[in-house]
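2 protein chains.
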Amino acid sequence: MTINVAIADDQKLFRKGMIALVNSFDDVKIIFEAENGKQLVDLLQAESEEIHIILLDLSMPEMNGLEALKIIKQSHPNIGVIILTIHEAEHHILSTIQAGANGYLAKNAEPEEVEKSIREVFKNDFYFTLPMLEIMRKGLIKKPQAASLDENESLLTPREKEVLQLICKQFSSAEIAEKLFLSNRTVEGHRNNLLLKTGSRNTAGLVLYALKHKLIEVDHFSN
Amino acid sequence: MTINVAIADDQKLFRKGMIALVNSFDDVKIIFEAENGKQLVDLLQAESEEIHIILLDLSMPEMNGLEALKIIKQSHPNIGVIILTIHEAEHHILSTIQAGANGYLAKNAEPEEVEKSIREVFKNDFYFTLPMLEIMRKGLIKKPQAASLDENESLLTPREKEVLQLICKQFSSAEIAEKLFLSNRTVEGHRNNLLLKTGSRNTAGLVLYALKHKLIEVDHFSN
DNA sequence: AGGTAACCAGGTATTTTTACCTAGTTTGTT
DNA sequence: AACAAACTAGGTAAAAATACCTGGTTACCT
Chain A
29 MTINVAIADD QKLFRKGMIA LVNSFDDVKI IFEAENGKQL VDLLQAESEE IHIILLDLSM
89 PEMNGLEALK IIKQSHPNIG VIILTIHEAE HHILSTIQAG ANGYLAKNAE PEEVEKSIRE
149 VFKNDFYFTL PMLEIMRKGL IKKPQAASLD ENESLLTPRE KEVLQLICKQ FSSAEIAEKL
209 FLSNRTVEGH RNNLLLKTGS RNTAGLVLYA LKHKLIEVDH FSN
Chain B
29 MTINVAIADD QKLFRKGMIA LVNSFDDVKI IFEAENGKQL VDLLQAESEE IHIILLDLSM
89 PEMNGLEALK IIKQSHPNIG VIILTIHEAE HHILSTIQAG ANGYLAKNAE PEEVEKSIRE
149 VFKNDFYFTL PMLEIMRKGL IKKPQAASLD ENESLLTPRE KEVLQLICKQ FSSAEIAEKL
209 FLSNRTVEGH RNNLLLKTGS RNTAGLVLYA LKHKLIEVDH FSN
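Chains as they are written, first to last, in the working numbering: chain A, 29 to 251; chain B, 29 to 251.
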């Protein structure tokens, strides 16, 4: 079976080179080419042949690769998209993966890797190199940094955390005191310690601290 | 060349079955087995043969797979670890990837997939199935709810948003007034309107509102 | 030309928070 | 037994936030 490939890249020479290279692979055929994202999307709509793989450059005029990727993934979720790029910036990689990219290929990659990536994406739906997986890992670690930060949580005593959580629920010190059967002054004391320990200037800082250290979740609140 | 594999799983029957299966593959050999994470780590230290792949169960007594994984990745970063599990919960997948897992294999997978995953991890250092990639993507996506909530943002005027952002940066009304060349009373007026419009009871509520409506980002703050 | 919304700003009063103190009790640890 | 840490709670004051008013200006829309 033949793998049908489309390519989008604004650099004509590079594009033509890639077309020649890809067509030299067994059972792999370039169906059409585009020189920007807009054209790619249009040609894809018009194309009658089924496209399996798209080689997509990120930096293109008119409509860049990321925008095109998002559109394509909506209309043709089954097409495997391999990002072609010189950029190795984490940001690019992460945002393309979020958008649904199936693979990533450096423009200075070996010809063998091009072939491999196409076949892998066709077969397994994705192809990522090891350094990329590392970047993905880093990207994943960013959000649930709870693990790295909840050591600091131990900076706060259980009672302080409890008070902090109630502060984040928009209760005043007096209300918190009532809830916890404490004196207002005690709660104010905890509050002061919280400000000191977290290095915050006021309630706003406390809420942000609580969020950063996963003591509360944004979604839990009603407004 | 032979791929040397170790396996850790507390269920003896399953473990023995996997050993038989894996040994049936060409040029793949089980070197040793462990029935919990602790034993795996110990045996790995003692082993003289080079281990290429570890098949690792997550739920094990004594020391679970995740803990073992972290330890192993520190001492033997080049060993490819494939997680064996019945769990398909996102949480497990994400935390194992963060810990450096090289692949993921459902316990009800086809025997062919077991072989494939071992060879892929050995060759490419990782093997993930499509649904897993989807989960990784979801984990990478920061806050896709933005679209649903930023309609409400128009509830606040530009000036109000500006004031709100400064409130979240822990500035007092007086400081905000100074920054924006306004009277303190004006800022207090904006503050009042913010409380009214957002339905908050105090500053804590304002910060949470700002977060929910993506007017600020948690990561941007220092404490 | 009138209406509306955003923006600015003042008055007055109360509540809440923040700052800087001290100090007793309990609990757990060495 | 001594010690530290957590929890409790009080005093005093200043600063800030909240509540409820009023009113003026500008800009934009119809």
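For glycine and all other residues, C-beta sits at the position ideal for the given N, C-alpha and C. Treat the numbers as computed from the prediction; the structure is a model and nothing was measured.
Between the CA atoms of residue j and residue i - distance to the nearest angstrom
i	j	result
residue 230 of chain A	residue 209 of chain B	22 Å
residue 200 of chain A	residue 195 of chain B	18 Å
residue 60 of chain A	residue 72 of chain A	9 Å
residue 52 of chain B	residue 30 of chain A	32 Å
residue 112 of chain A	residue 122 of chain A	14 Å
residue 120 of chain B	residue 130 of chain B	14 Å
residue 69 of chain A	residue 98 of chain A	10 Å
residue 90 of chain A	residue 55 of chain A	32 Å
residue 146 of chain B	residue 74 of chain B	23 Å
residue 58 of chain B	residue 40 of chain B	15 Å
residue 83 of chain A	residue 156 of chain B	21 Å
residue 110 of chain B	residue 33 of chain B	10 Å
residue 236 of chain B	residue 47 of chain B	53 Å
residue 184 of chain A	residue 225 of chain A	7 Å
residue 283 of chain B	residue 187 of chain B	Residue coverage of chain B in this structure runs from 29 to 251, which leaves residue 283 of chain B outside it and unanswerable.
residue 63 of chain B	residue 42 of chain B	11 Å
residue 35 of chain B	residue 76 of chain B	16 Å
residue 134 of chain A	residue 126 of chain A	18 Å
residue 137 of chain B	residue 45 of chain B	13 Å
residue 246 of chain A	residue 232 of chain A	14 Å
residue 240 of chain A	residue 228 of chain A	13 Å
residue 49 of chain A	residue 142 of chain A	9 Å
residue 197 of chain B	residue 105 of chain A	41 Å
residue 255 of chain A	residue 67 of chain B	With chain A represented from 29 up to 251, any question about residue 255 of chain A goes unanswered, as that position is not in the structure.
residue 234 of chain A	residue 234 of chain B	12 Å
Per-residue DSSP class, three states only, for residue i
i	result
residue 245 of chain A	coil
residue 57 of chain B	strand
residue 51 of chain A	helix
residue 222 of chain B	helix
residue 227 of chain B	coil
residue 183 of chain B	helix
residue 45 of chain A	helix
residue 164 of chain A	helix
Range of the contiguous beta strand (DSSP E) that encloses residue i
i	result
residue 32 of chain A	31-36
Residue range of the unbroken alpha helix (DSSP H) whose run includes residue i
i	result
residue 201 of chain B	201-208
residue 189 of chain A	186-196
residue 237 of chain A	231-240
residue 211 of chain B	It is not in any alpha helix (DSSP H) - residue 211 of chain B carries neither H nor E in the DSSP assignment.
residue 154 of chain B	Note, residue 154 of chain B: premise wrong, no alpha helix (DSSP H); not H, not E.
Close beta carbons around residue i, own chain, < 6 Å, minus the five adjacent residues each side
i	result
residue 144 of chain A	none
residue 128 of chain B	101
residue 80 of chain A	31, 32, 150
residue 88 of chain B	38, 64, 65
residue 139 of chain B	49
Same chain only: Cβ atoms within 8 Å of residue i, ignoring 5 sequence neighbours per side
i	result
residue 95 of chain B	65
residue 220 of chain B	none
residue 86 of chain B	92, 93, 94, 111, 112, 113, 115, 120, 124
residue 191 of chain B	204, 208, 215, 218, 219, 222
residue 212 of chain A	201, 202, 205
residue 108 of chain A	80, 81, 82, 130, 131, 149, 150, 153, 154
residue 193 of chain B	238, 243, 244
Residues of its chain near residue i, where Cβ-Cβ distance is below 7 Å and the 5 sequence neighbours each way are ignored
i	result
residue 160 of chain B	121, 132
residue 103 of chain A	none
residue 78 of chain A	32
Can you check the stretch 63-149 of chain B for any alpha helix (DSSP H) of at least 4 residues that lies completely inside it and give the ranges in chain order? Taking only runs of at least 4 residues, the alpha helix (DSSP H) segments lying wholly in the stretch 63-149 of chain B are 65-74, 93-103, 118-127.
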